[in-house]
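K.L.:
I have a structure here, written as structure tokens, and I will follow up with some questions on it.
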Amino acid sequence: MYVQLREMILSFDLYPGTRVTETELAEHFGVSRTPVREALQRLEQDAYLLIRPKQGCFIRQLDIAELGHYYEVRQDLEALSLRFACEHMSDRALKDLGEAWDPELQPGRSEEPGEMVSREESFHVALAEGGGNSVLVNYLKDINSHIRVVRRLDFTSGERIDRTYAEHHELVHCLLRRDLPAAEALMQAHIAQSEAFAKSLTLHQLAQRRDTRFGQR
Numbered sequence: 001m002y003v004q005l006r007e008m009i010l011s012f013d014l015y016p017g018t019r020v021t022e023t024e025l026a027e028h029f030g031v032s033r034t035p036v037r038e039a040l041q042r043l044e045q046d047a048y049l050l051i052r053p054k055q056g057c058f059i060r061q062l063d064i065a066e067l068g069h070y071y072e073v074r075q076d077l078e079a080l081s082l083r084f085a086c087e088h089m090s091d092r093a094l095k096d097l098g099e100a101w102d103p104e105l106q107p108g109r110s111e112e113p114g115e116m117v118s119r120e121e122s123f124h125v126a127l128a129e130g131g132g133n134s135v136l137v138n139y140l141k142d143i144n145s146h147i148r149v150v151r152r153l154d155f156t157s158g159e160r161i162d163r164t165y166a167e168h169h170e171l172v173h174c175l176l177r178r179d180l181p182a183a184e185a186l187m188q189a190h191i192a193q194s195e196a197f198a199k200s201l202t203l204h205q206l207a208q209r210r211d212t213r214f215g216q217r
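Residues in the sequence shown are numbered consecutively from 1, following full-length UniProt numbering.
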């Protein structure tokens with residue numbers, strides 16, 4: 001139930017600001033209210049929605065200014081992650097990660113945005129895990145949960161997908177050379193592109209993207 005509702009939020013079947021109730025969702029899925037309530041509570045913990053007593057649940061609005069704050073923190077976290085990865089990640093682990101992002105072997109532009117976001121997040125988490133700091137890993141995962149919906153919109157572009165493969169592949173090779181300054185510069189530019197996309201969004205543009213990508217619901 002949690003996964004299904006999260007997917008509905010990320011795909012804008014449940015649009016920012018939409019009010020939902022346990023009863024409506026239970027009827028929609030043909031289940032009791034108990035699993036719906038548990039899923040909604042988890043979604044609130046993961047910052048996908050707000051639960052207001054006696055009013056219902058509301059899908060979180062996208063706050064562009066707040067997203068910018070998350071990207072600012074992400075820049076510093078990713079820089080720290082690269083430093084640890086450069087110091088501690090083995091050549092074998094880095095080569096395996098690089099091969100997974102080889103532009104010559106990428107699945108292609110037909111890759112679904114949700115799949116691409118999951119792969120992209122896994123790349124950044126793998127670098128953090130390779131650095132050996134579990135606290136940093138958890139912080140990055142938390143940041144990811146707050147910016148995921150925007151990244152999903154960003155990856156509706158085939159050109160953006162191609163560029164991401166190339167950037168990740170090059171970044172890993174910088175780490176293989178233990179060239180931390182070059183890796184940091186690539187990461188900073190990579191995140192800045194995502195942040196610029198997030199800042200360009202308005203709710204009207206989100207609605208247009210929803211209608212174009214997923215069709216009228």
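All residues carry an ideal CB built from backbone N, CA and C; glycine is no exception.
Going by other Cβ atoms of all chains shown within 10 Å of its Cβ, with 16 needed for buried, is residue 194 buried or exposed?
P.N.:
buried
K.L.:
Run the CB neighbour count on residue 53, radius 10 Å, all protein chains shown included, and call it buried at 16 or more, exposed below.
P.N.:
exposed
K.L.:
By DSSP's criteria, residue 58 is part of a beta bridge. Which residues make up the other side?
P.N.:
19, 50
K.L.:
Could you give the DSSP three-state label for residue 11: helix, strand or coil?
P.N.:
coil
K.L.:
Return helix, strand or coil for residue 181, following the three-state DSSP convention.
P.N.:
helix
K.L.:
Going along the chain, which residues of its own chain have a beta-carbon closer than 8 Å to the beta-carbon of residue 102, five neighbours each way excluded?
P.N.:
165, 169
K.L.:
For residue 16, collect the residues of the same chain with a Cβ closer than 6 Å to its Cβ; drop the 5 residues on either side in sequence, then sort them by chain order.
P.N.:
59, 61, 62
K.L.:
Alpha carbon to alpha carbon, how far is residue 40 from residue 70? Give it in angstroms, no decimals.
P.N.:
Residue 70 and residue 40 have their C-alpha atoms roughly 23 Å apart.
K.L.:
Go ahead and pull the three-state DSSP assignment for residue 106.
P.N.:
coil
K.L.:
Would DSSP call residue 158 helix, strand or coil?
P.N.:
The answer is helix: DSSP assigns residue 158 an H, G or I state.
K.L.:
Would you list, in sequence order, the uninterrupted alpha helix (DSSP H) runs of no fewer than 4 residues that lie entirely inside the segment 61-106?
P.N.:
64-88, 91-100
K.L.:
Please work out which residues of its chain come closer than 7 Å, Cβ to Cβ, to residue 23, disregarding the five sequence neighbours upstream and downstream, and give them in chain order.
P.N.:
33
K.L.:
I need the DSSP call for residue 32, collapsed to helix, strand or coil.
P.N.:
coil
K.L.:
Just tell me which of 175, 160, 145, 119 has its CA closest to the CA of residue 43.
P.N.:
145
K.L.:
Got a sec: does the ligand NAD put a non-hydrogen atom nearer than 7 Å to the Cβ of residue 126?
P.N.:
Ligands are entirely absent from the displayed structure, and the ligand NAD is therefore not among its contents.
K.L.:
Can you check whether the CB of residue 187 is closer than 8 Å to the CB of residue 26?
P.N.:
no
K.L.:
Quick one: what does DSSP say residue 138 is sitting in, helix, strand or coil?
P.N.:
helix
K.L.:
Under 8 Å by Cβ, that's how I've got residue 9 and residue 199 pegged, so tell me the actual separation to the nearest angstrom.
P.N.:
21 Å between Cβ atoms; not a contact.
K.L.:
Mind checking whether residue 176 and residue 94 have CB atoms under 8 Å apart?
P.N.:
In this structure, residue 94 lies closer than 8 Å to residue 176 by Cβ.
K.L.:
Among 197, 179, 192, 196, whose alpha-carbon lies nearest the alpha-carbon of residue 82?
P.N.:
From the listed residues 197, 179, 192, 196, the smallest Cα separation to residue 82 is found for 179.
K.L.:
Hey, residue 128 and residue 140 are a contact pair by Cβ (cut 8 Å); roughly how many whole angstroms apart?
P.N.:
With a Cβ gap of about 5 Å, residue 128 and residue 140 count as contacting.
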